[in-house]
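Those letters in the sequence shown? Residues 179 to 663, per the working numbering, in order.
Just so it is clear, CB atoms sit at the ideal spot from N, CA and C, and this is done for glycine as well.
See below for the structure under consideration.
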Amino acid sequence: TNRIDTASLFGIAQEAQAILPQFGKKARLKVNPLETFSFANLEQGSKNNINVEIQEKNLVSRLSLIVLSGIRVGESAEKIKKRLSSCGVNTINNVVDISNYIRISLGQPCHIFDFDSIAGGKMNVRKSKKGEIVQTLDKDKITLPGDDIVISDGDGKLIDQPGIMGAYNSSVKEATKNVVLFVPVFNGKMVRRTSMLTGKRSDSASYFEKGIDEERTEAALVFGVDLLKEFAGGLVSSNLIDIYENKYNPKKLTVSISEINKLIGVEVDNKKIVEILLNLGFKVDANGDNLNVIPPSYRANDISLNQDITEEVARIYGYHNIPSQLQNMEYVTAQKTIEEVIEKTKEIKGQLKHIGLIEIINYSMISTDQLDNFNEKEEDLLKISNPISQDLLYLRSSLIPSLISNIKSNIGKQKIMKFFEISKAFKGNLNDLPDEILKLAFVTNTSYFDLKGIVEVLFKNLNIANVEFKQSNESHFAKDKQVSI
């Protein structure tokens, strides 16, 4: 779905032309419709000319149309019906089916109007007003949210909900004799917005909203004229209208073969690289190690960097041909394995929860206020260069400030509070990553003896003996309340 240029028979053929040779299969395009179907070969008339006005340039980037007369509406040819059916598309009649046939063949949505139902021979592409109503081909009446792309005729009636579905009042019917073959490239964002707000989805909307190739409208219109002549008896009866102000300007990229091979990780033959790009429709001019590459118009939306060129070569060359090789790894010897630490942590948590403590999970960062409250010095801590909040400025060196804050924030909500946390604290390490130290801390709002009892029970259950409690003068907290173990 991110490669709308492949969402057609021709798009798949283009990819196959590049992929199959990698597996020893000869493949080439017998016909390139983007080159074969040209306005230069299109005959024109003057019997049924139509006038088109686009009120705002951002509504449509290219618009091509022409009128055909002498149309005979009937059942589609067996070939058309069979091919559409195999693609899951219901057949309607030989004229409407041709519009679907063009989309599936070339990846370009188009629409066919009944020319005689367009009042004054005038089509006005504009934004809708909120509350305007259009009746679509399936006879649903859609109330438009406003600022949608619409087409009205000389009488002001809406004859199309562009990019989504045509209007019933301008649809091809059995009595239709003259038609307008209409090949646009509408603003994809606006089409998607209208489609989502109205709940009206269509295959054409899926194409427009992903951004299709303006250069393809020429081939689609000429191909459509040929089909309408062959299968509906049509004859061109108007001048060609082709509105295309901001024409495609190819972007030239220069990439070195050595850079491509370095990024891929294997040496791909120079000729193979050039062959892959040419088969994908890129223009390539080799100049020593450098390749001057011009992406085709249908890749303009997704090829903009040298790395994009490398990716194209890599995917066609085949990821299966690129060896899987892990980077060199350094092994650090630890006193305890990760598995042992995890198991011991689980055991400690289980013991503390069993004797009534609640586990707390705090941020690893603390605020300036917490620094001041616990006599921490800013220069001793690691300050975060891009904090998400002023309350989360420093990496903590102790778990206790956070746990004390938990007690204070729960005062009045719980009478007895016994919290614990097992997490990492951080210590600065000059010119290197900080040391991450796994610590355990617990706090209670009851008494010193409760706290001492928790330590004794935990150590007993963990088979830690010879524990001594004594007054400590090392802590930066209130010294007369501290003991060391």
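Assignment of Ile600 by DSSP, reduced to helix, strand and coil, places it in the strand class.
Cα atoms of Val273 and Gly402: separation of roughly 10 angstroms, rounded to the nearest angstrom. Shortest Cα-Cα distance from Ile280 to any of Val400, Asp447, Ile544 and Thr432 involves Val400.
Contact annotation: Ile585 and Asn551 have beta-carbon atoms that are not nearer than 8 angstroms. In this structure, the CA atom of Ser587 is about 58 angstroms from the CA atom of Lys319.
If you draw a straight line from the Cα of Glu518 to the Cα of Val635, it comes to about 22 angstroms.
DSSP places Ser277 within a helical segment (H, G or I) once states are collapsed to three.
Counted as a single uninterrupted DSSP element, the alpha helix (DSSP H) harbouring Asn639 occupies residues Tyr626 to Asn639. Taking 3 residues as the minimum length, the beta strand (DSSP E) runs contained wholly in the stretch 442-513 are 461-465 and 468-472, in order along the chain. Residue burial annotation: Arg394 is buried, with at least 16 other C-beta atoms found within 10 angstroms of its C-beta. Contact between the stretch 438-450 and the stretch 404-417 is absent: fewer than 3 CB-CB pairs across the two stretches fall below 8 angstroms. Bounds of any alpha helix (DSSP H) do not take in Glu614; it lies within the beta strand (DSSP E) bounded by Asp613 to Thr622. Annotation: the stretch 228-295 contains the following complete segments of the beta strand (DSSP E) (minimum length 3 residues), in chain order: 229-232, 238-247 and 289-292. Two segments are said to touch when three or more pairs of C-beta atoms, one from each, lie closer than 8 angstroms; by this definition the stretch 207-214 does not touch the stretch 315-334. Apart from sequence neighbours up to five positions away, the residues of its chain that approach Pro474 with a beta-carbon distance below 7 angstroms are Gly459 and Phe460, ordered along the chain. Measuring C-alpha to C-alpha distances from Asn484 to each of Lys440, Asp338 and Lys378 identifies Lys440 as the nearest. The stretch 351-361 makes contact with the stretch 277-296, as at least three CB pairs between them are under 8 angstroms.
In the three-state DSSP reduction, Glu537 falls in the strand class (E or B). For Lys605, the pairing in a beta bridge is given by DSSP as Asp613. Within the model, the alpha-carbon separation for Gln568 versus Asn639 is close to 41 angstroms.
Check the Cα spacing between Ala191 and each of Ile390, Ser283, Asp463 and Cys265: the tightest is with Ser283. The DSSP-derived three-state label of Arg304 is strand.
In the DSSP assignment, Ile585 falls outside any beta strand (DSSP E) and lies within the alpha helix (DSSP H) extending over Ile578 to Ser587. Exclusion of the five residues before and after Leu241 leaves Pro362 and Ile421 as the residues of its chain whose Cβ lies within less than 6 angstroms of its Cβ. Around the beta carbon of Tyr626, fewer than 16 other beta carbons lie within 10 angstroms, which makes this residue exposed. Looking at Tyr476, Lys355, Arg304 and Lys351, the one whose alpha-carbon comes closest to that of Gln339 is Arg304. For Asp547, no beta strand (DSSP E) segment is defined; the enclosing uninterrupted segment is the alpha helix (DSSP H) at Thr546 to Asn551. Take the alpha-carbon of Lys430 and the one of Tyr476: they are about 15 angstroms apart. Contact annotation: the stretch 383-391 does not touch the stretch 346-355, with fewer than three C-beta pairs closer than 8 angstroms. Taking C-beta separations shorter than 8 angstroms and ignoring five residues to either side along the sequence, the partners of Lys378 in its chain run Thr314, Asp318, Ile320, Gln339, Ile342, Met343 and Thr372, following chain order. Selection Asp292, Gln286 and Val462 evaluated against Asp381 yields Gln286 as nearest (Cα-Cα). If you draw a 10 Å sphere on the C-beta of Phe598, you find 16 or more other C-beta atoms in it, and that means buried. Residue pairing by DSSP puts Ser330 in a beta bridge opposite Asn302 and Leu336. A Cβ-Cβ distance of about 18 angstroms is found for the pair Ile249 and Met301, leaving them out of contact under the 8 angstroms criterion.
Cβ-Cβ distances below 6 angstroms link Val471 to Leu431, Phe460, Val462 and Ile487 in the same chain, with the five nearest sequence neighbours on each side left out; the list follows chain order. Collapsing the DSSP output to three states places Ala410 in a helix.
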